[in-house]
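Residue numbers (our numbering), protein chains in the order written: chain A, 1 to 303; chain B, 304 to 606.
See below for the structure under consideration.
Number of protein chains: 2
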Amino acid sequence: MNVTLRQLRVFTAVYRTRSITRAAGELGITQSAASLLIQQLEAQLGVKLFDRSTRSVQPTLAADEAFAAAERMLSDAQGLSRRMRDLAQARAGRVAFLASAGTASALLPMVLAKFRASHPDIEIDMRDVAADDLVPRLSATDAEFAIGSVEGEFADITVETLTSGRLSAIGRRTADFAARRSLTWDELAQWPTIAMRSETRIRMQIDQALSAQGKRLDPTYEVTLINTALAMTAQGLGLAILPATMLPADQFPTLIARPLVRPALTRPVSLLQRQGRTLSPAAQAFVATARTVLAGRTTPPSG
Amino acid sequence: MNVTLRQLRVFTAVYRTRSITRAAGELGITQSAASLLIQQLEAQLGVKLFDRSTRSVQPTLAADEAFAAAERMLSDAQGLSRRMRDLAQARAGRVAFLASAGTASALLPMVLAKFRASHPDIEIDMRDVAADDLVPRLSATDAEFAIGSVEGEFADITVETLTSGRLSAIGRRTADFAARRSLTWDELAQWPTIAMRSETRIRMQIDQALSAQGKRLDPTYEVTLINTALAMTAQGLGLAILPATMLPADQFPTLIARPLVRPALTRPVSLLQRQGRTLSPAAQAFVATARTVLAGRTTPPSG
DNA sequence: TCAATTCATGAGCTTTCCCTATGAATGTCA
DNA sequence: TGACATTCATAGGGAAAGCTCATGAATTGA
């Protein structure tokens with residue numbers, strides 16, 4: 001047998017109270033159990049810890065030394081329990097995840113804000129990467145999950161759609177634009193347009209879908225960042241071609257989105273997880289927040 | 304139930320080996336026992352520690368954190384065991400004890416030397432105090448025992464005589480002195496004498512015994528320290544009146560002791576211990592050394 | 001598809017653990 | 001001084017746990 005924490009618990013109690021009976025009472029065990037545990041510990045360590053008579057229990061010098069070590073171990077044990085409980089309840093910890101550049105800038109800020117409000121002590125490590133890097137990075141780094149738009153299936157990675165935004169024209173609430181329920185891609189020609197650069201995933205999806213129908217987007221401006229597009233749109237430079245989900249209403253109150261049809265394209269925002277890996281409680285809480293926040297933003301499939 | 308060290312041992316082994324089977328083998332238990340222990344620990348902490356399939360055992364983030372704490376506790380436990388074992392075997396530790404001034408200067412140095420040779424890592428805290436203070440200090444301080452000459456009995460303190468020296472005249476190996484087997488107190492008048500001051504315990508014992516017989520010591524010199532008396536004697540200033548045990552033969556090779564008779568007085572050197580208090584292993588070792596060293600110096604009761 | 005490996009689970013046995021009861025020692029108070 | 005009270009140690013028995021063995025399920029590699 002080996003030293004046990006139970007023995008140490010009794011030991012420290014006896015050391016402090018200088019009484020086996022009192023220590024036993026403190027710990028909710030009988031005096032005989034406490035007496036036995038002390039004897040075991042002494043046998044284990046090969047050292048007399050208390051000079052005891054029926055009248056007094058005096059710690060030896062060895063006990064003085066052992067006490068410090070025992071207290072440390074017990075407080076370590078308690079600290080471990082507490083820390084794990086905090087982790088379990090997502091009151092502490094860290095969430096490391098990946099986000100595609102677009103999602104990170106347009107969609108996740110509000111998730112982050114809400115999550116931080118409810119879980120102020122959790123450290124957040126969001127790494128924005130190119131959409132193509134999501135899957136390889138998720139497999140290789142310590143990120144627990146990834147959020148972004150991906151297509152296809154991947155070994156060992158589960159993909160779940162959190163929200164899905166229809167590709168829309170986003171513009172100022174002007175009379176002629178606001179009046180429309182939707183626009184066709186062809187009708188876009190009437191306005192100046194602001195689209196993402198050809199290298200971006202969003203743009204590639206658009207170009208591919210349009211060219212399948214013999215059409216083609218011919219934007220007035222091309223930008224790299226979603227926010228740039230929105231800011232330009234707010235200035236009245238044109239209509240931004242983006243998934244509706246990418247428009248933060250609170251940040252750009254003057255802008256509205258109108259779905260583009262013929263073809264109607266949707267861009268999913270997915271949650272990627274490594275299969276067979278449990279998310280940390282903190283990550284689970286974050287994902288839950290993301291789910292609720294983003295679910296409210298899903299564009300209905302028809303309309 | 305609470306977290307146990309056994310659980311933590313299995314946990315760290317699994318964490319390191321990333322396999323329940325291997326960890327179980329390491330610890331000499333069956334795979335099922337290890338599996339169970341891990342499940343218990345998870346339940347206890349409320350946290351998933353490993354993502355396990357039949358093929359792999361992956362630590363979670365919580366496990367990463369727990370591992371550090373667990374390792375610390377286990378090494379603390381091992382350190383405690385080792386330290387206690389060292390104490391038990393008197394390979395480490397501290398001996399704090401009291402010694403009367405005379406004993407400390409004349410008798411204990413050789414004990415200290417021998418003890419230090421056999422127990423080099425034990426810290427020695429010898430406090431020399433007035434003989435009258437031995438008992439009160441022993442009760443009040445953290446000294447484990449005391450060595451010195453005391454008379455009478457004391458509550459809660461056991462007294463054991465380690466050696467006993469007959470009061471003797473100590474002088475240089477001159478023809479007339481060396482020829483004597485013993486001297487009477489009356490014969491002392493033929494030589495100049497060096498005695499301890501009246502305030503010292505030794506002197507008080509002498510004066511008391513002599514005056515009971517209507518005699519009286521009339522020393523040429525009176526000193527406070529035994530070593531002073533011996534040094535003066537070595538210079539040929541006279542005969543030192545001291546217990547024979549107080550003469551370190553190696554330090555004063557020119558000096559010899561001749562017992563004083565009519566009356567023959569002996570002065571015990573005793574070991575004082577608090578009743579019901581175990582000596583630390585280190586102290587036990589020291590006392591054992593003192594016993595053997597001093598036993599060799601006991602003046603035979605007649606001669 | 002089969003064999004091999006690995007983790008989880010259930011049954012049963014062994015060991016440990018803890019409580020009750022009692023004994024022994026010591027201090028207290030009349 | 002003697003009865004009483006308190007405290008620690010120990011013995012016995014029953015409950016709980018811990019462990020092993022056997023088996024099942026899942027997954028990998030030949």
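Every residue, glycine too, gets a C-beta built ideally from N, C-alpha and C.
Evaluate the contact criterion for the stretch 177-189 of chain A versus the stretch 130-141 of chain A: three or more CB pairs, one atom per stretch, below 8 angstroms.
-> no
Would you mind sorting A:T12 into buried or exposed? The rule is 16 or more other CB atoms within 10 Å of its CB.
-> Counting from one through the first sequence, the residue named residue 12 of chain A turns up at place 12. The residue in question, A:T12, is buried, as its Cβ has 16 or more Cβ neighbours within 10 Å.
With a cut-off of 8 angstroms on the beta carbons, I'd call B:R475 and B:G539 a contact; round off their distance for me.
-> Here residue 475 of chain B refers to the residue found at position 172 of the second sequence. Here residue 539 of chain B refers to the residue found at position 236 of the second sequence. About 6 angstroms separates the two Cβ atoms, so the contact holds.
Determine, using beta carbons only, whether A:R72 comes closer than 8 angstroms to chain B.
-> Position 72 of the first sequence, counted from the start, is the residue given in the question as residue 72 of chain A. Yes, because at least one Cβ of chain B sits closer than 8 angstroms to the Cβ of A:R72.
In whole angstroms, what separates the C-alpha of A:V70 from that of B:D436?
-> Taking the first residue of the first sequence as 1, we reach residue 70 of chain A at position 70. Taking the first residue of the second sequence as 1, we reach residue 436 of chain B at position 133. Contrary to the premise, residue 70 of chain A reads as Ala rather than Val in this sequence. So the two alpha carbons sit approximately 36 angstroms from each other.
Does the Cβ of B:I323 have 16 or more other Cβ atoms within 10 Å, making it buried, or fewer, making it exposed?
-> Here residue 323 of chain B is taken as the residue at index 20 of the second sequence, counted from 1. Classification of B:I323: buried, given that the 10 Å Cβ count is 16 or more.
A:Q251 bridges to which residues according to DSSP?
-> Residue mapping note: residue 251 of chain A aligns to position 251 of the first sequence, counting from 1. Per DSSP, none; premise fails for A:Q251.
Kindly list, in the order they appear in chain A, the residues whose Cβ is closer than 8 angstroms to that of B:A383.
-> Residue mapping note: residue 383 of chain B aligns to position 80 of the second sequence, counting from 1. In the sequence as presented, Ala is not what sits at residue 383 of chain B; that position holds Leu. Neighbours of B:L383 on chain A, chain order: V3, L45, A66, A69, A70, M73.
Report the neighbours of A:G276 on chain B: residues whose CB is nearer than 7 angstroms to its CB, in chain order.
-> Taking the first residue of the first sequence as 1, we reach residue 276 of chain A at position 276. Per Cβ cutoff of 7 angstroms: D354, S356.
Cutoff 8 angstroms: B:V360 Cβ touching any chain A Cβ | By 1-based counting over the second sequence, the position of residue 360 of chain B is 57. Closer than 8 angstroms: no.
Among A:G93, A:R180, A:R166, A:S105, which residue has its Cα nearest to the Cα of A:I122?
-> As a position in the first sequence, residue 122 of chain A is number 122, starting the count at 1. Comparing Cα-Cα distances from A:I122 to each of A:G93, A:R180, A:R166, A:S105, the minimum goes to A:G93.
For B:E329, which of helix, strand or coil comes out of DSSP?
-> Here the question's residue 329 of chain B lines up with position 26 in the second sequence. It is helical.
Can a CB atom of chain B be found closer than 8 angstroms to the CB of A:R85?
-> Here residue 85 of chain A refers to the residue found at position 85 when the first sequence is read from its first residue. So yes, A:R85 belongs to the interface.
Just to confirm, are B:L330 and B:V306 a CB contact at a threshold of 8 angstroms?
-> Against the second sequence, residue 330 of chain B aligns to sequence position 27. Against the second sequence, residue 306 of chain B aligns to sequence position 3. Going by C-beta atoms, B:L330 is not nearer than 8 angstroms to B:V306.
Taking the alpha helix (DSSP H) that B:R504 falls in, what are its first and last residues?
-> Residue mapping note: residue 504 of chain B aligns to position 201 of the second sequence, counting from 1. Note, B:R504: alpha helix (DSSP H), 504-515.
Measure the CB-CB distance between B:V398 and B:A585 and report whether it falls below 8 angstroms.
-> Here residue 398 of chain B corresponds to residue number 95 of the second sequence, with the count starting at 1. Here residue 585 of chain B corresponds to residue number 282 of the second sequence, with the count starting at 1. Yes.
Could you tell me which chain A residues have their CB closer than 7 angstroms to the CB of B:K351, listed as they occur along the chain?
-> The residue labelled residue 351 of chain B in the question sits at position 48 within the second sequence. Those are T278, listed as they occur along chain A.
Straight-line gap, A:G303 to A:R180 (C-alpha atoms, nearest Å) = In the first sequence, residue 303 of chain A corresponds to position 303, counting from 1. In the first sequence, residue 180 of chain A corresponds to position 180, counting from 1. Caution applies to A:G303, whose pLDDT of 33 falls short of 50 and renders its modelled position unreliable; the value that the coordinates give is listed next. Those two C-alpha atoms are separated by around 12 angstroms.
Inter-residue spacing [alpha-carbon to alpha-carbon] between B:I341 and A:R91 | In the second sequence, counting from the first residue as 1, residue 341 of chain B sits at position 38. In the first sequence, counting from the first residue as 1, residue 91 of chain A sits at position 91. Those two C-alpha atoms are separated by around 24 angstroms.
Hey, would you say A:A131 sits closer than 8 angstroms to A:R201, going by beta carbons?
-> Working through the first sequence from its first residue, we reach residue 131 of chain A at position 131. Working through the first sequence from its first residue, we reach residue 201 of chain A at position 201. Going by C-beta atoms, A:A131 is nearer than 8 angstroms to A:R201.
If you draw a straight line from the C-alpha of B:P604 to the C-alpha of B:P546, how long is it?
-> Here the question's residue 604 of chain B lines up with position 301 in the second sequence. Here the question's residue 546 of chain B lines up with position 243 in the second sequence. Its pLDDT being 44, under 50, B:P604 is placed unreliably in this model, and the value from its coordinates should be taken loosely. C-alpha separation (whole angstroms): 13 angstroms.
Return the bridge partner residues of B:V432 from the DSSP annotation.
-> Working through the second sequence from its first residue, we reach residue 432 of chain B at position 129. DSSP lists B:S403 as partners of B:V432.
Can you name the residues that DSSP bridges to B:G382?
-> One-based indexing of the second sequence puts residue 382 of chain B at position 79. Answer is none; B:G382 lacks a bridge partner.
Between the beta-carbon of A:L271 and the beta-carbon of A:L162, is there less than 8 angstroms?
-> Here the question's residue 271 of chain A lines up with position 271 in the first sequence. Here the question's residue 162 of chain A lines up with position 162 in the first sequence. The answer is yes: Cβ separation under 8 angstroms.
What does A:T60 touch in chain B if you count any residue whose Cβ is under 7 angstroms from its own?
-> Here residue 60 of chain A refers to the residue found at position 60 when the first sequence is read from its first residue. Those are T581, S583, listed as they occur along chain B.
A:A63 to A:L45, Cα distance in whole Å?
-> Position 63 of the first sequence holds residue 63 of chain A. Position 45 of the first sequence holds residue 45 of chain A. Looking at the two C-alpha atoms, the distance is approximately 11 angstroms.
Return the bridge partner residues of A:M196 from the DSSP annotation.
-> For the purposes of this step, residue 196 of chain A is taken as the residue at position 196 of the first sequence. DSSP output for A:M196 lists A:V223 as bridge partner(s).
Own chain residues within Cβ distance below 7 angstroms of A:Y15, not counting five before or after = Working through the first sequence from its first residue, we reach residue 15 of chain A at position 15. Contacts found: P59, A63, F67.
When the Cα atoms are used, what is the spatial distance from B:A560 to B:L528?
-> Numbered from its first residue, the second sequence carries residue 560 of chain B at position 257. Numbered from its first residue, the second sequence carries residue 528 of chain B at position 225. Their backbone Cα atoms lie some 18 angstroms apart in a straight line.
What is the residue span of the alpha helix (DSSP H) that A:S139 lies within?
-> Position 139 of the first sequence, counting from 1, holds the residue named residue 139 of chain A. 134-140 is the extent of the alpha helix (DSSP H) around A:S139.
If we ignore side chains and look at the alpha-carbon of each, how far apart do A:D218 and B:R355 end up?
-> For this step, residue 218 of chain A is matched to residue 218 along the first sequence. For this step, residue 355 of chain B is matched to residue 52 along the second sequence. Taking the straight line from one Cα to the other gives about 52 angstroms.
In three-state terms, what does DSSP make of A:S164?
-> Counting from 1 along the first sequence, the entry for residue 164 of chain A is found at position 164. The answer is strand: DSSP assigns A:S164 an E or B state.
State the CB to CB distance for the pair B:M535 and B:Y524, rounded to an integer number of angstroms; the pair is presumed to be in contact (CB under 8 angstroms).
-> One-based indexing of the second sequence puts residue 535 of chain B at position 232. One-based indexing of the second sequence puts residue 524 of chain B at position 221. Contact holds; Cβ gap of about 6 angstroms.
So, does the CB of A:D76 fall closer than 8 angstroms to a CB anywhere in chain B?
-> The sequence position of residue 76 of chain A within the first sequence is 76, counting from 1. Closer than 8 angstroms to some Cβ of chain B, the Cβ of A:D76 qualifies, so yes.
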